[in-house]
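Engineer:
Protein chains: 2
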Amino acid sequence: MKKVVIIGASDTGITAALRIRELNKNLRPLVIADNNYPNYSICGIPFYLGGRVEKWQNLAHRTREDLEEAGFDLRLDTRATGIAPEQKLVTVNPNDGEKKKITYDELVLATGARSAVPPIEGIHLPGVFTLRWMDDCLEFEYFLTEEDVEKALIIGGGYVGLEMAEALTNRGLAVTLVEFEDTILNTVAPELRRLVQEKLEAEGIQVVTGTAVEKIAENGGSLRISGSGGFRDEADTVLVSTGAEPATELGREIGIETGKSGAYRVNKRMETSISHIYAGGDCVKTPHLLTGEDTHFAIGTVAHRHGRVIGSNICGYEEEYEGALGTQSLKLFDLVVARTGLTAEEAGEAGYSSVEVEVEVPDHKSYYPPSYDLRVRVVADRETEKLLGAQIAGSVEAEVSKRIDIFATALAAGMYMGSFNRLDLSYTPPLSSPFDPV
Amino acid sequence: MKKVVIIGASDTGITAALRIRELNKNLRPLVIADNNYPNYSICGIPFYLGGRVEKWQNLAHRTREDLEEAGFDLRLDTRATGIAPEQKLVTVNPNDGEKKKITYDELVLATGARSAVPPIEGIHLPGVFTLRWMDDCLEFEYFLTEEDVEKALIIGGGYVGLEMAEALTNRGLAVTLVEFEDTILNTVAPELRRLVQEKLEAEGIQVVTGTAVEKIAENGGSLRISGSGGFRDEADTVLVSTGAEPATELGREIGIETGKSGAYRVNKRMETSISHIYAGGDCVKTPHLLTGEDTHFAIGTVAHRHGRVIGSNICGYEEEYEGALGTQSLKLFDLVVARTGLTAEEAGEAGYSSVEVEVEVPDHKSYYPPSYDLRVRVVADRETEKLLGAQIAGSVEAEVSKRIDIFATALAAGMYMGSFNRLDLSYTPPLSSPFDPV
Chain V
872 MKKVVIIGAS DTGITAALRI RELNKNLRPL VIADNNYPNY SICGIPFYLG
922 GRVEKWQNLA HRTREDLEEA GFDLRLDTRA TGIAPEQKLV TVNPNDGEKK
972 KITYDELVLA TGARSAVPPI EGIHLPGVFT LRWMDDCLEF EYFLTEEDVE
1022 KALIIGGGYV GLEMAEALTN RGLAVTLVEF EDTILNTVAP ELRRLVQEKL
1072 EAEGIQVVTG TAVEKIAENG GSLRISGSGG FRDEADTVLV STGAEPATEL
1122 GREIGIETGK SGAYRVNKRM ETSISHIYAG GDCVKTPHLL TGEDTHFAIG
1172 TVAHRHGRVI GSNICGYEEE YEGALGTQSL KLFDLVVART GLTAEEAGEA
1222 GYSSVEVEVE VPDHKSYYPP SYDLRVRVVA DRETEKLLGA QIAGSVEAEV
1272 SKRIDIFATA LAAGMYMGSF NRLDLSYTPP LSSPFDPV
Chain Z
872 MKKVVIIGAS DTGITAALRI RELNKNLRPL VIADNNYPNY SICGIPFYLG
922 GRVEKWQNLA HRTREDLEEA GFDLRLDTRA TGIAPEQKLV TVNPNDGEKK
972 KITYDELVLA TGARSAVPPI EGIHLPGVFT LRWMDDCLEF EYFLTEEDVE
1022 KALIIGGGYV GLEMAEALTN RGLAVTLVEF EDTILNTVAP ELRRLVQEKL
1072 EAEGIQVVTG TAVEKIAENG GSLRISGSGG FRDEADTVLV STGAEPATEL
1122 GREIGIETGK SGAYRVNKRM ETSISHIYAG GDCVKTPHLL TGEDTHFAIG
1172 TVAHRHGRVI GSNICGYEEE YEGALGTQSL KLFDLVVART GLTAEEAGEA
1222 GYSSVEVEVE VPDHKSYYPP SYDLRVRVVA DRETEKLLGA QIAGSVEAEV
1272 SKRIDIFATA LAAGMYMGSF NRLDLSYTPP LSSPFDPV
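Order-wise, the sequence lines are chains V and Z.
Here the working numbering runs 871 ahead of the position in the first sequence, where the first position is 1.
Here the working numbering runs 871 ahead of the position in the second sequence, where the first position is 1.
#1: Which chain Z residues are close to LEU1160/V, counting only those with a beta carbon under 9 Å from its beta carbon?
#2: Go through its chain and collect everything with a Cβ distance to GLU1189/Z's Cβ below 8 Å, but skip five positions before and after it.
#3: Locate the beta strand (DSSP E) running through ILE973/V, then write down its first and last residues.
#4: Using a C-beta cutoff of 8 Å, does PHE918/V count as contacting chain Z?
#5: Closer than 8 Å by beta-carbon distance: list the chain Z residues that pair up with LYS1070/V, in chain order.
#6: Are the segment 1104 to 1124 of chain Z and the segment 1147 to 1164 of chain Z in contact at 8 Å, needing three or more beta carbon pairs?
#7: So, using beta-carbon positions, are LEU1203/Z and LEU1071/Z closer together than 8 Å?
#8: Are the C-beta of MET830/Z and some C-beta of chain V separated by less than 8 Å?
#9: Going by DSSP in three states, GLU1037/Z sits in which element: helix, strand or coil?
#10: Less than 8 Å between the beta carbons of ILE891/Z and VAL902/Z, yes or no?
#11: Using the beta-carbon of each residue, which ones in chain V are nearer than 9 Å to ARG815/Z?
#12: Under a CB-based cut-off of 8 Å, is THR1280/V close to chain Z?
#13: Grouping DSSP H, G and I as helix and E and B as strand, with all else coil, what is PRO965/Z?
#14: Buried or exposed: where does LYS1273/V fall if 16 or more other Cβ atoms within 10 Å of its Cβ makes it buried?
#15: Which complete beta strand (DSSP E) runs does the segment 1055 to 1125 of chain Z hold, if anything under 3 residues is left out?
#16: Strictly by DSSP, which residues pair up with GLU1231/V?
#17: Helix, strand or coil, according to DSSP, for ALA880/V in the structure here?
#18: Can you tell me whether LYS1236/V is buried or exposed, with buried defined as 16 or more other CB within 10 angstroms of its CB?
#19: Does THR886/Z come out as helix, strand or coil in the three-state DSSP assignment?
#20: Measure the CB-CB distance between LEU1258/Z and ALA1279/V and report whether it falls below 8 Å.
#21: When Cβ atoms are compared, which residues of the segment 927 to 956 of chain V fall closer than 7 Å to chain Z?
#22: So with Cβ pairs under 8 Å, would you call LYS1156/V a contact of chain Z?
#23: I believe GLU1021/Z touches ALA1045/Z by the beta-carbon criterion, under 8 Å. Please report the beta-carbon distance rounded to the nearest angstrom.
#24: Quick one: does ILE1310/Z have its CB under 8 Å from some CB of chain V?
#25: Would you kindly report the start and end of the unbroken beta strand (DSSP E) that includes LYS1022/Z?
#26: Given a cut-off of 8 Å on the beta-carbon distance, is the pair ALA1209/V and ILE1263/V in contact?
#27: Could you spell out where the alpha helix (DSSP H) holding PRO1241/V opens and where it closes?
#28: Kindly indicate which three-state DSSP category LYS1156/Z falls into: helix, strand or coil?
#29: What's the call for LEU1206/Z, buried or exposed, on a 16-neighbour Cβ count within 10 Å?
#30: Are SER1290/Z and GLU1254/Z close, meaning C-beta to C-beta below 8 Å?
#31: To which residues of the same chain is GLY1219/Z closer than 8 Å at the C-beta, ignoring the five residues directly before and after it?
#32: For the alpha helix (DSSP H) that contains LEU1282/V, what are its first and last residues?
#33: Run through chain V and tell me which residues come within less than 8 Å of ARG1274/Z, C-beta to C-beta.
#34: So that I know if they touch, is there some Cβ in chain V lying closer than 8 Å to that of GLU1193/Z?
#35: May I ask you to list, following chain order, the residues of the segment 1215 to 1236 of chain V that have a beta carbon less than 8 Å from some beta carbon of chain Z?
#36: Name the DSSP bridge partner or partners of TYR1223/V?
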């Protein structure tokens, strides 16, 4: 019987194990994790910390019992410390036991990413946190509950930084968000970034852009933060949310090929450059569906899909991962911003000469109150009019995130603006308009 | 200068006129309507009668001023009574003036449909209404406001009958709905019809199926209704909502080809069988995008699209109408039901051997409350796995109507289940799941 070892028990690892059990009941994968929280929805952490999810246990995609019933072995609190690909051995080091070597026939690296730690003086002081895994989440929650925390400073204005700004505001904290770049959320068009910044400010969050935090210092129970351009602030806690780096040491040590970001290079079957070693999730590069270029998409949807493709191939079912479109949505208070495909800026970098239009329209017939304005931006190739991307911003009531999926579907089908405009979409006055906003 | 005459001032007629003005400012179309309510959203009537739209004037897509500024001529309260295609003349008969003949170079028939009037004894009694145009709407509203109306009986369990059952319930009336067929809403799968019927009943509406109303009689201020199987009921008003018939007398008199339902046959440029006469909207047949068969889609989205294609072609811009998918959504209280493409039943009639699956899933991660169950049904060709249709039912909070549009987009692109399942759709815990419910 083939022995499958999976390192990592988050989206890719567990999905791969489940897929294997679904396709071949004779295989019993072993899943190793260096923590005690297998199969948690780490995307849900900001919603737990913001009080919208009652118990942290609810963040589990599946309970421990569900996982045990699924028929694979789970070894928690166990770190994989080395691979010997010629002997097909993995060295594992349980927190409460002795190092040992185990054999594999097929190995899956699903080690994800870790929080980037920028070179800021004092970044390891108590009261300074990063957020990626459940351990981080529980430590931060404990600090917020036990200490007298009134004011937070967040470094980084990407998805997680913004979600945490809302979460901490919802907990009643005063929040300052500091971004190194000149604008926050640079994955959407500048016009929508402004909208997001205005929303944050309207909710009482102070947003500081174009500023590098350089130093964090203790100051009699609170933290003093200073940065470029004379930036000075105080806070009871600092959350560092400056992105993630692929966790790929294990593979790099044995010479698995990686891209510039350090993520593993894989083929469409999710195989690395060393045979019998697969990789997927936040630790790999995958092709962009439009440009074909290797891109690092560290997002749950992609990680789940990778796990499935890996499971299928291990069981002998040919399945290829074609690529992603960078489809993402973000809810901030009552505003939703979603994107798919390329922004005008990204299209330019990919060598397209693109044209971008924005329309502002009510989400449905305005005579049926309340209706909400939607801002829809569409990017297309200037010459062929091939659809390249779209972004939508609007009320949480306005079905923004599934409207972006109409574009994602059209992009995957390689549609041109002409056919896209002729789509037969649904209409009922309370929910849409005869020419749908998209 | 080419003279364009458009008969009908609803979705197709006005959209055609606006498109012509957009493409060629030298043309000044003449739009003739037999009523005084040009460019109203007749789909919105149930929402006005149910009290969700404040003033009937709000149902106008555009104000009279907007229409005047658009640069076409509007002759209201004027009936077109005959066409002489060889001389290119239309006879018009204003309500307050004399018949006269006017010339055209291009004629557009956008006369829509009228309410079907089933052969029921007493159907023309006071207190019995049909609903199609604004005149009908205002007459019914006047009756409901001025008379002492406590109980309504609705004949017909299609879209409008169901929307009106909600509307009249919202006004505080007791409502009975009588349907001739064994189930209501036969445009979706039987399983979802049951769900809709349960929703109506939970809201206090009495639903009677498999019953033909045969007679309506006056009974001292109220109406007595009787029908097959010993059906007996009383009501203060009866609303007859048994579908619509294409209004095509004008064209049939001069020999324009029609289909079995009496709707005009048109080509992809929306031209009828007589040259220089276009037709669009509820009075024509158009191809089903999947089966290619001529189908009668009496729905606003299609009518708008027709008007645009007609306008383009009149101005010399080649534009073809490819067909529709029968995409529709219906909101009933807090339930939304949406469909696109073919149901299993329709697929069978079209000669497909189809397979249908239903899944019941939360709309987004259930740890972020509230989440709602969605029922998603997908129909595909058994052999090729080509996607043929989909239906979704779920809470009004669950983005049902834009989720159906993901399927509509995939259908228009001719997708197979394999590629559909690999789509890169958006995910954020409050709004979706890593594998989106669709």
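Ideal placement from N, C-alpha and C gives every residue a C-beta, glycine not left out.
Structural biologist: Reading it off the structure:
#1: ASP1295
#2: Closer than 8 Å at the Cβ level, and outside the excluded window around GLU1189/Z, lie ARG1140 and SER1183.
#3: 971 to 974
#4: yes
#5: Ordered by position in chain Z, no residue passes the 8 Å Cβ test against LYS1070/V, which lies about 15 Å from the chain.
#6: Touching, yes.
#7: yes
#8: Within the shown structure, residues of chain Z are numbered from 872 to 1309, placing residue 830/Z beyond reach of any answer.
#9: helix
#10: no
#11: Outside the displayed span of chain Z (872 to 1309) sits residue 815/Z, for which this structure offers no information.
#12: THR1280/V has a beta carbon lying within less than 8 Å of a beta carbon in chain Z.
#13: strand
#14: buried
#15: 1077 to 1079, 1084 to 1090, 1093 to 1098, 1102 to 1106, 1108 to 1111 and 1115 to 1117
#16: ARG1246/V, per the DSSP bridge assignment.
#17: coil
#18: buried
#19: helix
#20: No.
#21: ASN929 and LEU930
#22: No, LYS1156/V does not count as interfacial toward chain Z.
#23: 6 Å
#24: This structure does not reach residue 1310/Z, given that chain Z is present from 872 up to 1309, and the question cannot be answered.
#25: 1022 to 1026
#26: yes
#27: Run containing PRO1241/V: none; DSSP gives neither H nor E here.
#28: Annotated three-state conformation of LYS1156/Z is strand, per DSSP.
#29: Result: buried.
#30: no
#31: SER1225
#32: 1271 to 1283
#33: LYS1273 and ASP1276
#34: yes
#35: LYS1236
#36: DSSP output for TYR1223/V lists no bridge partner at all.
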